[in-house]
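Peer 1: Handing you this structure, nothing more for now.
2 protein chains.
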Amino acid sequence: MESRRAEENAELAGALLGDLRDSIDNIDAALIHLLAERFKCTRQVGRLKAEHGLPPADPRREAAQIDRLQALAVDAKLDPEFAKKFLAFIIEEVIRHHESAASMH
Amino acid sequence: MESRRAEENAELAGALLGDLRDSIDNIDAALIHLLAERFKCTRQVGRLKAEHGLPPADPRREAAQIDRLQALAVDAKLDPEFAKKFLAFIIEEVIRHHESAASMH
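For the protein sequence lines, the chains are A and F, in the order given.
Just so you know, numbering that gives the first Met the number 0 puts 97 at position 98 of the first sequence, and the rest follows in order with no gaps.
Just so you know, numbering that gives the first Met the number 0 puts 17 at position 18 of the second sequence, and the rest follows in order with no gaps.
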């Protein structure tokens, strides 16, 4: 009786783990596609700034982005420090794109 | 005439830049909310694994996730190397969560 219950419990846990992993995989696919869209936007921003002689970095815009994302993170019950780290991680990649685009000219 | 055209061009560029930034802000809000959902899932996975004495890391699952995300990235015209770095960045945070959850017991 005991061992049957343990077996049922393990089965239930396995099914739940499978469901959670399916959700994580779905969320990851959405994240990848959104990131692809975001980099399309930043590439256009880079081109536009280069064409019009605008400075590549904009510290005021970046500070506003950090504040906004941290507020959104709090609402979504996500660690605001992580939101800040996340934006820095993305911006690092954007700068890498800009640099490799510049080196191609 | 020349200077008027230059002015119009600058105005157009400014409007386009504003639109692109609005899109980036919308995408970032979506990313933050998806990340919050993802961490809810991984927190549940962590609890489930702890309850059932399952090992916290699962290298086979992780390798499959990397392969899948890189294939999705190629389809979405996103650098697959970035997709890999992105997953590593997220998993690092997941491990940090598990460690801080474990230290609370």
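Every residue gets a Cβ at the ideal spot worked out from N, C-alpha and C, and that includes glycine.
Output yes or no for whether 8 Å exceeds the beta carbon distance between F:Ile106 and A:Ala72.
Peer 2: This structure does not reach residue 106 of chain F, given that chain F is present from 0 up to 104, and the question cannot be answered.
Peer 1: Please confirm if F:Val73 has its CB atom under 8 Å from at least one CB of chain A.
Peer 2: no
Peer 1: Over the uninterrupted alpha helix (DSSP H) stretch that includes A:Ala63, give me the two end residues.
Peer 2: 58-74
Peer 1: Using the beta-carbon of each residue, which ones in chain F are nearer than 7 Å to A:Ala62?
Peer 2: Per Cβ cutoff of 7 Å: no residues; A:Ala62 is ~14 Å from chain F at best.
Peer 1: If I measure Cβ to Cβ from F:Asp18 and keep anything under 7 Å in the same chain, skipping five residues before and after, which residues do I get?
Peer 2: none
Peer 1: Just reading off the alpha helix (DSSP H) that A:Leu33 is part of, what are its end residues?
Peer 2: 1-50
Peer 1: Compute the distance between the beta-carbons of F:Ala87 and A:Leu77, then report whether it is under 8 Å.
Peer 2: No, the pair does not count as a contact, with Cβ atoms beyond the cut-off.
Peer 1: Straight-line CA distance for A:Gly105 to A:Pro54?
Peer 2: There is simply no residue 105 of chain A to check, as chain A begins at 0 and stops at 104 in what is shown.
Peer 1: Any heavy atom of the ligand HEM closer than 7 Å to the CB of A:Pro55?
Peer 2: Inclusion of the ligand HEM in the displayed structure is not the case, the ligand content being empty and no account of it being possible.
Peer 1: Once the 5 residues before and after A:Leu51 are set aside, which same chain residues still bring their CB inside 7 Å of it?
Peer 2: For the record, residue 51 of chain A in the displayed sequence is His; it is not Leu. Correct list: empty, nothing qualifies.
Peer 1: Going along the stretch 7-37 of chain F in order, which residues come within less than 8 Å of chain A, judged by CB to CB distance?
Peer 2: Asn8, Ala9, Ala12, Leu15, Leu16, Leu19, Arg20, Ser22, Ile23, Asp24, Ile26, Asp27, Ala28, Ala29, Leu30, Ile31, His32, Leu33, Leu34, Ala35, Glu36, Arg37
Peer 1: To the nearest angstrom, how far is it from the Cα of F:Ala70 to the Cα of A:His96?
Peer 2: 20 Å
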